[in-house]
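Residue numbers (UniProt numbering): 1 to 184.
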Amino acid sequence: MILLQFDFSVDIYTPQPVVVKYQDQGGSWCRYTPDGLIEWRADLRRDSRPVLVEIKYREAFHGQWRVWRERIRAAKRYADERGWLFEMYTEREIRTPYLDNARFLLPYRNRSFDPIAEEAVTTAINELIETTPSALAAFISPDRWRQAEILPTIWKLLAERRIGFDLVQPLTMQSPLWALGGCV
């Protein structure tokens, strides 16, 4: 859920949106409920087809692969019939630095901060073009206490994607940051 909340291109997430009925190899009718449906904002994605998703720990497949293979095939067929995609995610795709960054930055997104600090950060990043959180705070003020006060504003602007950074790399005080073409 954190990744979906952090992704500006997600329009709607619907948990367990459908029940897929299918016949197994033995001819018995089965029901499968995928974990969710992600609907995207068409203005922010090249491919905005909805994605039916299943999220499982890899260990859930051990000894159950035949059952899961049938479910996955049925879900793919169901999604294809509707012009959707079907995707499977495990902890390998989810437990990444991107999740750590989202978990850290998400609480800053909707907080209000001192507009003077926000103006100082946006002016500084536009002057520096490329920097790091540490260097950006130091550029704004040599005082360590003021630098500490500035950091939450930097995190807010990163969470709002008003300052650029590499989302898939761990966010540290030495992470590269950059101005987003004067859009800050």
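Every residue gets a Cβ at the ideal spot worked out from N, C-alpha and C, and that includes glycine.
Can you give me the start and stop residues for the alpha helix (DSSP H) that residue i sits inside?
i: Glu149; result: 144-159
i: Glu39; result: No alpha helix (DSSP H) holds Glu39; the beta strand (DSSP E) holding it covers 36-40.
i: Ala102; result: 97-109
i: Glu3; result: At residue 3 the sequence reads Leu, which differs from the Glu that was named. Leu3 -> alpha helix (DSSP H) spans 2-6.
i: Pro72; result: In the sequence as presented, Pro is not what sits at residue 72; that position holds Ile. Residues 65-81.
Could you check if residue i is buried or exposed, using at least 16 other CB atoms within 10 Å of its CB as the buried criterion?
i: Lys156; result: buried
i: Thr172; result: exposed
i: Arg71; result: buried
i: Glu81; result: exposed
i: Leu44; result: exposed
i: Ala60; result: exposed
i: Cys183; result: Because the pLDDT at Cys183 is just 47, under 50, the model does not fix this residue reliably, and the point stays unresolved.
Please determine, among the options, the residue with the shortest C-alpha to C-alpha distance to residue i.
i: Gly26; options: Val67, Ile2, Ala79, Ile55; result: Val67
i: Phe8; options: Ala42, Val19, Glu81, Ala179; result: Ala42
i: Ser134; options: Ile150, Pro17, Lys21, Arg73; result: Ile150
i: Leu177; options: Glu127, Tyr22, Ile140, Thr131; result: Thr131
i: Pro152; options: Gly36, Leu180, Glu118; result: Glu118
i: Leu180; options: Ala124, Glu93, Thr33; result: Ala124
i: Lys76; options: Gln5, Phe113, Asp47, Tyr32; result: Tyr32
On the DSSP bridge assignment, give the partners of residue i in chain order.
i: Phe86; result: Leu52
i: residue 265; result: With the chain represented from 1 up to 184, any question about residue 265 goes unanswered, as that position is not in the structure.
i: Val20; result: Tyr32
i: Phe139; result: In DSSP, Phe139 forms no bridge with anything.
Return the first residue and the last residue of the beta strand (DSSP E) that residue i is part of.
i: Tyr32; result: 29-32
i: Ile12; result: 10-15
i: Ile163; result: 163-165
Hey, does residue i have any beta-carbon neighbour from chain D nearer than 8 Å?
i: Glu119; result: Protein chain content of the structure displayed is limited to a single chain, and chain D is not contained in it.
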